[in-house]
Structure formats: C-alpha cells, structure tokens
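Quick notes on the structure that follows.
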Amino acid sequence: MKTWQRRLLFGLGYALLFLVSFVVFLYLSFPWDRTARYAEAALAKALDMDVRIGSVAPSWFTGLELTDVTLRARKPDRQGQLRSIHADRVVARASAGTLFGGDIDVDFTLEMMGGKVEGQYYRAQKDSRIVANLEGLSPNEVTFLRDMVGLPIRGGLSGRIDVTLRDHKFAKASGTIEIAARNVVVGDGKARIKLKVKPQYAELQEFLDREDQGVALPPMTVGTVTLKARVTQGVARLTQLEASSEHIEFKGEGELLLADPVTASTSAIYIMYKLTEAYESLDSEARTMMENMRTSPVYRRALRTDGFFGFCLTGVLRERVRPLPTRDGCPDRPVPEPPAPGVPGAPPLAPAPTIISAAERPGERIPGVAAGWA
Numbered sequence: 000m001k002t003w004q005r006r007l008l009f010g011l012g013y014a015l016l017f018l019v020s021f022v023v024f025l026y027l028s029f030p031w032d033r034t035a036r037y038a039e040a041a042l043a044k045a046l047d048m049d050v051r052i053g054s055v056a057p058s059w060f061t062g063l064e065l066t067d068v069t070l071r072a073r074k075p076d077r078q079g080q081l082r083s084i085h086a087d088r089v090v091a092r093a094s095a096g097t098l099f100g101g102d103i104d105v106d107f108t109l110e111m112m113g114g115k116v117e118g119q120y121y122r123a124q125k126d127s128r129i130v131a132n133l134e135g136l137s138p139n140e141v142t143f144l145r146d147m148v149g150l151p152i153r154g155g156l157s158g159r160i161d162v163t164l165r166d167h168k169f170a171k172a173s174g175t176i177e178i179a180a181r182n183v184v185v186g187d188g189k190a191r192i193k194l195k196v197k198p199q200y201a202e203l204q205e206f207l208d209r210e211d212q213g214v215a216l217p218p219m220t221v222g223t224v225t226l227k228a229r230v231t232q233g234v235a236r237l238t239q240l241e242a243s244s245e246h247i248e249f250k251g252e253g254e255l256l257l258a259d260p261v262t263a264s265t266s267a268i269y270i271m272y273k274l275t276e277a278y279e280s281l282d283s284e285a286r287t288m289m290e291n292m293r294t295s296p297v298y299r300r301a302l303r304t305d306g307f308f309g310f311c312l313t314g315v316l317r318e319r320v321r322p323l324p325t326r327d328g329c330p331d332r333p334v335p336e337p338p339a340p341g342v343p344g345a346p347p348l349a350p351a352p353t354i355i356s357a358a359e360r361p362g363e364r365i366p367g368v369a370a371g372w373a
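In terms of numbering that gives the first Met the number 0, the sequence shown opens at residue 0 and continues consecutively.
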C-alpha cells in the first residue's frame, strides 16, 4: 500500500472515530429531561391542554421517542372530572430534507388505546397535510364514549384520516375521514349500570329493589359501526354513520365544527337508535329496561315516531360531549320526523318538547344513551 493511501485511510479512520465519539457523547450528555419539559410546554400551548411526558429518548438519528404521554383538559366537566388522553409511546421521525431547512416532513407512530396510529405530517409554506391510519384501537378507551354508554365496549377501531389544513388551520381544513368499528359488543353481562326509574306498573317493584346494585344487562351485539365524513372549510359533515344487528339499529348525522386547537372543536351530531325485540326478549332485565325507557320522562323527550330514540351529542371535545334527548335533531340542525307509526305500547308523545339536560333536572340521570346503547 502506498504512503498516500495509508494516510488517507488513517484520516478517514480518525474522522469516523471522531464522529462516533461525538454521537456517543451527545447521546450521553444531552439534556433529555429538559427536552421533555420543552415538548410539554410546546404541546400544551398548541393544544390548550395540560401535557405530561414520562421520558424522551432519541430514535435513530432523526427521530424522538416519547413514552407515557398524557393530555389532560384544563377545565373539569359537569361531574368535576378532567378528561384525558393517554399514549404509551409516541415516535416522530423527520426526513433528511427537514433537517436541512426544507419543508417539514415527519412520520409518526402512536401506540395508544390498545392499538396503533401511523401517519405522516407534511408542512409546506402555505398548507399542512395530515394522513393517519388507525389500527386495532379499542372503543372502550374512548373516554366520552365509555362514559356515555356506561358499560364496557369490545371491538376494534380502524380507519384512515386524510386532511389538508389551509393556512395551517383546522378551521380551514378539507379532506376525508373513514372509520369502522368491527365486532362491537356492548356490555359483558356482569358490569352493572344504575338506572333511575319511576315505575308506572307494579311488576317493576322488584327491579327497583335492586336499583342500588344496578342492573347487569345482557351483552348487546352491535356488529360493525361505519363512520364516514367529508371535511370542507373546517366542517366535518357525516355522510354515513350506521350499524345494524339482531339487537340494535343505529344511525346518525350532523357535523363536527373544527377549531384551533383541534381539541376545541364542537360536536353537533344527532344519533338515533332502536333496540330490537330480539334483545328485549333475552332476559327479564332487558325487558324491564325497555319498559322503563318507554315510560321515562327523559326517553319520552327522545322517542321519535319511527320508534328510534334520538340524542344530540353536543359539546367541546376537550371538555365534555353530552347527550341531550330530543326527537327533532340538534337545536341548530333540526332533523324532520319521518312519517311512521309510534312504538307499540308507548305513551302518546308530548308536542313541542323542551330540551332539558340532566344537570337541569336534579335527581334524574340520563342513563338513556347508556341504557339504549347497552
């Protein structure tokens, strides 16, 4: 080997040794705790929520790995609880072009809710784009859904979200949302739900005697719930929301008004459901619950002439989405009643009902949506 070749090899070796030593030193001495606190402050400002990150570590050369990430609302709901979202692990990796001052292009992976969300965030000078694929998420981990239903929910959520943010704002977003929850079953026959009942018949007395312990309703097979929405000018309008099984018929319409931050978005979605005779005949608990639903003042405000119970899901996402019983759709988006006969055995409907929330009627809950879904 010639002298100049040996010198070149030695030079390359020293350069490589320096590079490796520098990377190791940077990894060992980098203030990762300070990075976690900085990330918490940045996310809290962007989302208007309290953020807690357990730890931050590098992921290869261009990425970061965050563990034990919790987002918590700053305002309590009507029950005094703070809504929260938790992710076990978050990995974000930037492209090489991003590191050298180009457009921001970040791939991300979130392990949360028993499943995984993978996608890409791309930010150009004027617009941003978010593409996310959902796989294996548990509907039981969706806080507002679990609280509304009041019983455990089995199943798996999957789907795709593809939205473009004009001027980097959700309020100017456009795109599509497609989500499907498959093999959904509500309740397990063991978990109990407490219902406030005002019986009109003597045979309900035994049911009342067990009210303190709650009612263990039989599992309800929901099947596949399909949700599709088209996003235009910051409004996500439902084009499809439905499910049908031997136990329940379910459908919905309405919109989600996107805002910045996205956690400040407002729901105005009207859902309608009807339990079938097959579910009512499963056992005495189901029959008693159905009889109570037909006579309860809360459900009378929700009972439509087509036999469906209607509830408007209204509220800000980061605070509380609550179900308001109404047969006429959400207040700002009335849904006309279809011409159909009433439910057999149901009392006559009162004209021009007034929407009253559970908080305005002390002593009376709306297990309504809970009981109706389960």
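Glycine included, each C-beta is placed from N, C-alpha and C at the ideal position.
**OP:** Mind reading off the beta-carbon distance from Thr262 to Leu256? Whole number of angstroms is fine, and I expect it under 8 Å.
**Re:** In the sequence shown, counting from the first residue as 1, residue 262 sits at position 263. In the sequence shown, counting from the first residue as 1, residue 256 sits at position 257. 13 Å between Cβ atoms; not a contact.
Subject >> Inter-residue Cα distance where the pair is Ser20 and Leu11 >> reply: Walking along the sequence shown from the start, residue 20 turns up at place 21. Walking along the sequence shown from the start, residue 11 turns up at place 12. Straight-line measurement puts the Cα of Leu11 at about 14 Å from the Cα of Ser20.
Original post:
Using the C-alpha atoms, what's the distance from Met271 back to Ala38?
Top reply: Within the sequence shown, residue 38 is the residue found at index 39, counting from 1. Within the sequence shown, residue 271 is the residue found at index 272, counting from 1. When rounded, the distance between both Cα atoms is 41 Å.
Original post:
Leaving out the 5 sequence neighbours to the left and right, which residues in its chain are closer than 8 Å to Leu216 when beta-carbon positions are compared?
Top reply: Here the question's residue 216 lines up with position 217 in the sequence shown. Excluding residues within five positions, the ones whose Cβ falls inside 8 Å are Leu150, Gly186, Gly188, Ile192, Glu284, Ala285, Met288, Ala370, Ala373.
**OP:** Indicate whether Ala242 and Val221 have their beta-carbon atoms separated by less than 7 Å.
**Re:** Locating residue 242 in the sequence shown gives position 243, counting from the first residue. Locating residue 221 in the sequence shown gives position 222, counting from the first residue. Their beta carbons are under 7 Å apart, which means Ala242 touches Val221 by this criterion.
Original post:
Between the stretch 232-249 and the stretch 171-180, do at least 3 Cβ pairs fall closer than 8 Å?
Top reply: By the criterion of at least three beta-carbon pairs nearer than 8 Å, the stretch 232-249 is in contact with the stretch 171-180.
Subject >> Neighbourhood of Glu279 by C-beta, 7 Å cutoff - its chain only, sequence neighbours within 5 removed >> reply: As a working note, residue 279 is residue 280 in the sequence shown. Around Glu279: Ala285, Arg286, Met289.
Original post:
Who are the near neighbours of Leu312 in its chain, counting only those whose CB is closer than 7 Å to its CB and skipping five residues on each side?
Top reply: For the purposes of this step, residue 312 is identified with residue 313 of the sequence shown, where counting begins at 1. Same-chain partners within the cutoff: Ser266, Ile268, Ile270, Val320, Pro322.
Subject >> Span separating the alpha-carbon of Ala56 from that of Val297 >> reply: Here the question's residue 56 lines up with position 57 in the sequence shown. Here the question's residue 297 lines up with position 298 in the sequence shown. Distance between the alpha carbons of Ala56 and Val297 is about 51 Å.
Original post:
Grouping DSSP H, G and I as helix and E and B as strand, with all else coil, what is Val89?
Top reply: Numbered from its first residue, the sequence shown carries residue 89 at position 90. Strand, per DSSP.
**OP:** Would you decide whether Leu133 is buried or exposed? Buried here means 16 or more other CB atoms lie within 10 Å of its CB.
**Re:** Start at 1 with the first residue of the sequence shown, and residue 133 comes out as number 134. Looking at its Cβ environment, which holds 16 or more other Cβ atoms inside 10 Å, Leu133 is buried.
Original post:
Just the Cα atoms here: how many angstroms apart are Ala228 and Arg159?
Top reply: Indexing the sequence shown from 1 puts residue 228 at position 229. Indexing the sequence shown from 1 puts residue 159 at position 160. Distance between the alpha carbons of Ala228 and Arg159 is about 11 Å.
Subject >> alpha helix (DSSP H) segment containing Leu46, residue limits >> reply: Working through the sequence shown from its first residue, we reach residue 46 at position 47. First-last of the alpha helix (DSSP H) with Leu46: 31-46.
Subject >> Residues near Ala190 by beta carbon distance below 6 Å, same chain, minus five either side >> reply: The sequence position of residue 190 within the sequence shown is 191, counting from 1. So the list reads Leu150, Pro151, once near-sequence residues are dropped.
Original post:
According to the Cβ coordinates, are Lys273 and Glu248 closer than 7 Å?
Top reply: Working through the sequence shown from its first residue, we reach residue 273 at position 274. Working through the sequence shown from its first residue, we reach residue 248 at position 249. Yes, the pair counts as a contact, with Cβ atoms nearer than the cut-off.
**OP:** Assuming Phe107 contacts Gly114 (C-beta within less than 8 Å), just tell me the rounded distance between them.
**Re:** Position 108 of the sequence shown, counted from the start, is the residue given in the question as residue 107. Position 115 of the sequence shown, counted from the start, is the residue given in the question as residue 114. Rounded, the Cβ-Cβ distance is 15 Å, inconsistent with contact.
**OP:** Give the single residue among Leu136, Gln124, Leu156 whose Cα lies nearest to the Cα of Leu168.
**Re:** Numbered from its first residue, the sequence shown carries residue 168 at position 169. It should be pointed out that residue 168 corresponds to Lys in this sequence rather than to Leu. When only C-alpha atoms are compared, the closest one is Gln124.
**OP:** Take Glu140 as the anchor and find which of Ser83, Met48, Val130, Thr223 has the nearest alpha-carbon.
**Re:** On the sequence shown, residue 140 is found 141 positions in, with the first residue counted as 1. For the residues Ser83, Met48, Val130, Thr223, the minimum Cα distance to Glu140 belongs to Ser83.
Original post:
When DSSP labels each residue in this structure, what does Thr287 get in the three-state scheme?
Top reply: Indexing the sequence shown from 1 puts residue 287 at position 288. If DSSP states are grouped into helix, strand and coil, Thr287 belongs with the helices.
**OP:** List the DSSP bridge partners of Tyr269.
**Re:** The sequence position of residue 269 within the sequence shown is 270, counting from 1. Beta-bridge pairing links Tyr269 to Glu252, Cys311.
**OP:** Please classify Thr238: is it buried, with 16 or more other beta-carbons within 10 angstroms of its beta-carbon, or exposed?
**Re:** For the purposes of this step, residue 238 is taken as the residue at position 239 of the sequence shown. The residue in question, Thr238, is exposed, as its Cβ has fewer than 16 Cβ neighbours within 10 Å.
**OP:** Go ahead and label Pro75 buried or exposed: buried means 16 or more other beta carbons lie within 10 angstroms of its beta carbon, across all protein chains shown.
**Re:** On the sequence shown, position 76 is the one that residue 75 refers to. Exposed, because fewer than 16 other Cβ atoms sit within 10 Å of the Cβ of Pro75.
Subject >> Contacting residues, own chain, Cβ-Cβ under 7 Å from Leu15 (five flanking each side not counted) >> reply: The count along the sequence shown starts at 1 and reaches residue 15 at position 16. Within the same chain, Leu15 has no close Cβ partners at all.
**OP:** Please list, in chain order, all residues of the same chain as Met48 whose beta carbon is under 7 Å from its beta carbon, the five residues on each side excluded.
**Re:** As a first step, residue 48 must be located in the sequence shown, where it is residue number 49. Cβ within range, chain order: Leu70, Arg71, Ala72, Arg73, Thr262, Arg317.
Original post:
In whole angstroms, what separates the C-alpha of Val50 from that of Asp67?
Top reply: Residue mapping note: residue 50 aligns to position 51 of the sequence shown, counting from 1. Residue mapping note: residue 67 aligns to position 68 of the sequence shown, counting from 1. Distance between the alpha carbons of Val50 and Asp67: 11 Å.
**OP:** Taking 7 Å as the cut-off, decide whether the C-beta atoms of Glu110 and Asp87 are in contact.
**Re:** Here the question's residue 110 lines up with position 111 in the sequence shown. Here the question's residue 87 lines up with position 88 in the sequence shown. The answer is yes: Cβ separation under 7 Å.
**OP:** Out of Leu81, Val89, Ser127, point me to the one whose CA is closest to Ser58's CA.
**Re:** As a position in the sequence shown, residue 58 is number 59, starting the count at 1. Checking every option, the nearest Cα to that of Ser58 belongs to Val89.
Subject >> Alpha carbon of Leu136 to alpha carbon of Ser157, nearest angstrom >> reply: By one-based count along the sequence shown, residue 136 stands at place 137. By one-based count along the sequence shown, residue 157 stands at place 158. Their backbone Cα atoms lie some 7 Å apart in a straight line.
Subject >> Environment of Pro324 [buried if 16+ CB atoms lie within 10 Å] >> reply: The residue given as residue 324 occupies position 325 in the sequence shown. By the 10 Å Cβ count, Pro324 comes out buried.
**OP:** Using the DSSP secondary-structure output, state which residues sit across from Glu177 in a beta bridge.
**Re:** Against the sequence shown, residue 177 aligns to sequence position 178. Note: Glu177 sits in a beta bridge opposite Arg159, Lys227.
Original post:
Do you know how far the Cα of Ala277 is from the Cα of Lys171?
Top reply: Position 172 of the sequence shown holds residue 171. Position 278 of the sequence shown holds residue 277. Roughly 45 Å between the two C-alpha positions.
Subject >> Residue environment, Pro330, which counts as buried when at least 16 other CB atoms sit within 10 Å >> reply: Position 331 of the sequence shown, counted from the start, is the residue given in the question as residue 330. Pro330 comes out exposed.
Subject >> Simplified DSSP state of Gly341, which is helix, strand or coil >> reply: Position 342 of the sequence shown, counting from 1, holds the residue named residue 341. Reliability of the predicted coordinates at Gly341 is poor, the pLDDT of 41 falling under 50, and no value is obtained from them.
**OP:** Going by DSSP, name the residue or residues bridged to Lys189.
**Re:** For the purposes of this step, residue 189 is taken as the residue at position 190 of the sequence shown. Lys189 pairs with nothing; no bridge assigned.
**OP:** Say whether chain B places a C-beta atom closer than 7 Å to the C-beta of Lys44.
**Re:** Within the model displayed, chain B is absent; a lone protein chain is all it includes.
Original post:
Taking the DSSP output, what are the residues bridged to Pro217?
Top reply: Sequence index remark: in the sequence shown, residue 217 carries index 218 (1-based). Paired residue(s): none; Pro217 is not in a bridge.
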